[in-house]
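Asks: If you read the sequence shown in full-length UniProt numbering, its first letter stands for residue 1, the second for the next number, and so on.
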Amino acid sequence: TTIPAKKSQVFSTAADNQPAVDISVYQGERKMAQQNKLLGNFQLGDIPPAPRGVPQIEVSFDINADGILKVSAKDKSTGKEQSIQIKANSGLSDAEIEAMIKDAEANAEEDRKFEELAKARNEADALISSSNKAVKDLGDKVTEDEKTAVNTAVSELEAATKENDVEVIKAKTEALQNILMPITQRAYEQAQQAGGAEGFDPNAFQGGDAGQQKADDGVVDAEFTEVKDDKK
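#1: Is the region 120-137 touching the region 73-83, taking contact as three or more C-beta pairs under 8 Å?
#2: Three-state secondary structure (DSSP) at asparagine 132?
#3: Only counting the same chain, and skipping five residues up and downstream in sequence, which positions put a Cβ closer than 6 Å to that of alanine 187?
#4: Three or more beta-carbon pairs under 8 Å between the region 43-60 and the region 2-21, yes or no?
#5: When the Cα atoms are used, what is the spatial distance from alanine 99 to leucine 92?
#6: Quick check on threonine 143: buried or exposed, where buried means 16 or more other Cβ atoms within 10 Å of its Cβ?
#7: Nearest CA to the CA of proline 4: which residue from Asn36, Phe42, Asn64, Arg30?
#8: Which residue's Cα is closest to the Cα of alanine 88: Gln34, Lys170, Lys70?
#9: Give the straight-line distance between the Cα atoms of valine 168 and alanine 175, rounded to the nearest whole angstrom.
#10: Taking C-alpha atoms, which residue in Glu58, Ile86, Val54 lies nearest to glycine 79?
#11: Return the first residue and the last residue of the beta strand (DSSP E) that leucine 69 is part of.
#12: Would you list the residues sitting across from aspartate 111 in a DSSP beta bridge?
#13: Tell me which residue opens and which closes the alpha helix (DSSP H) that alanine 160 is part of.
#14: Which of helix, strand or coil does DSSP assign to alanine 5?
#15: Buried or exposed for leucine 38, please, with buried defined as at least 16 other CB atoms from any protein chain shown within 10 angstroms of its CB.
#16: Indicate the three-state DSSP secondary structure (helix, strand or coil) for residue 260 in the structure shown.
#17: Taking the CB atoms as reference points, tell me whether residue 276 and asparagine 164 lie closer together than 8 Å.
#18: By the 10 Å Cβ neighbour count, where 16 or more other Cβ atoms means buried, how is isoleucine 23 classified, buried or exposed?
#19: Isoleucine 101 and valine 25: beta carbons closer than 8 Å?
#20: Roughly how far, in whole angstroms, is the beta-carbon of valine 54 from the beta-carbon of serine 12, given that I think they are within contact range, below 8 Å?
#21: To the nearest angstrom, how far is it from the Cα of asparagine 41 to the Cα of glutamine 35?
#22: For the candidate residues Thr173, Thr161, Glu105, whose alpha-carbon lies nearest to that of valine 150?
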């Protein structure tokens, strides 16, 4: 990338009523943040209480012609902003950069597996959150047997996310989706018959991008999540 350059991306919270996000700035080529060089970190606080995935936090990287990097985070709803400035000589030498590139190439398969595991966990976490929300929001439209089935599947998926087996996480995720889908679809059809289906989206309870952590960056314990372009 030629300089000066600027890039921004919108993220969101990973938990309900999350009051702050921690922004860590790394330099390197590896998928796992901790395997790169930490350049600095800061926190954006005072985020108004909201469900996960609702707040929009715009993170911007701006590097000027002198190589000075400014990273800022702005809550788009309140306008509150925090930033950090990193001097050009704070990073890696050319030799260190070359070594990091070679290290990334040598560990490409390990990083691919890590990224796949992170993505599976993030999608599972999103589905767990939306499943719990569905059972709560639909209330008596969900039978006791259905609640038991959802809760059991949620518990099994939560246990799977604590392990490192991607296929098990995917299987448990699919199992929960298969239990939840007919419940939300039936609720939608009932609302439609009653003339109240406007604004009801059965897919809102199926998990997905809006409430999940950003999978592409491979960070399992991220404190904020990506909001897709259609929500910017």
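Glycine included, every Cβ here is placed at the ideal spot set by N, Cα and C.
Replies: This is what the structure holds:
#1: no
#2: As a working mapping, residue 132 is identified with position 132 in the sequence shown. Reduced to three states, the DSSP call for asparagine 132 is helix.
#3: As a working mapping, residue 187 is identified with position 187 in the sequence shown. Leu138, Lys141, listed in sequence order.
#4: yes
#5: Mapped onto the sequence shown, residue 99 falls at position 99. Mapped onto the sequence shown, residue 92 falls at position 92. About 10 Å.
#6: Counting from 1 along the sequence shown, the entry for residue 143 is found at position 143. That one is exposed.
#7: Along the sequence shown, read from residue 1 onward, the residue named residue 4 stands at position 4. Cα-wise, what sits closest to proline 4 is Asn64.
#8: In the sequence shown, residue 88 corresponds to position 88, counting from 1. Of the listed residues, the one whose Cα sits closest to alanine 88 is Lys70.
#9: Taking the first residue of the sequence shown as position 1, residue 168 is located at position 168. Taking the first residue of the sequence shown as position 1, residue 175 is located at position 175. Looking at the two C-alpha atoms, the distance is approximately 10 Å.
#10: Looking up residue 79 in the sequence shown gives position 79. Of Glu58, Ile86, Val54, the residue nearest in Cα terms is Glu58.
#11: Numbered from its first residue, the sequence shown carries residue 69 at position 69. Segment 69-75, the beta strand (DSSP E) holding leucine 69.
#12: Numbered from its first residue, the sequence shown carries residue 111 at position 111. In DSSP, aspartate 111 forms no bridge with anything.
#13: By one-based count along the sequence shown, residue 160 stands at place 160. Where alanine 160 is concerned, the enclosing alpha helix (DSSP H) stretches over 144-161.
#14: The residue given as residue 5 occupies position 5 in the sequence shown. Reduced to three states, the DSSP call for alanine 5 is strand.
#15: By one-based count along the sequence shown, residue 38 stands at place 38. Exposed, because fewer than 16 other Cβ atoms sit within 10 Å of the Cβ of leucine 38.
#16: Residue 260 lies beyond the residue range present for the chain, which begins at 1 and ends at 232; the question has no answer from this structure.
#17: Absent from the model: residue 276. The displayed extent of the chain is 1 to 232, so no value can be given.
#18: Translated into the one-based positions of the sequence shown, residue 23 becomes position 23. Per the 10 Å Cβ criterion, buried.
#19: Here residue 101 corresponds to residue number 101 of the sequence shown, with the count starting at 1. Here residue 25 corresponds to residue number 25 of the sequence shown, with the count starting at 1. Not a contact, by the Cβ cut-off of 8 Å.
#20: Start at 1 with the first residue of the sequence shown, and residue 54 comes out as number 54. Start at 1 with the first residue of the sequence shown, and residue 12 comes out as number 12. Confirmed, about 7 Å.
#21: Residue numbering aside, residue 41 sits at position 41 when the sequence shown is read from its first letter. Residue numbering aside, residue 35 sits at position 35 when the sequence shown is read from its first letter. In a straight line, the C-alpha of asparagine 41 is about 16 Å away from that of glutamine 35.
#22: Position 150 of the sequence shown holds residue 150. Here the closest residue by C-alpha is Thr173.
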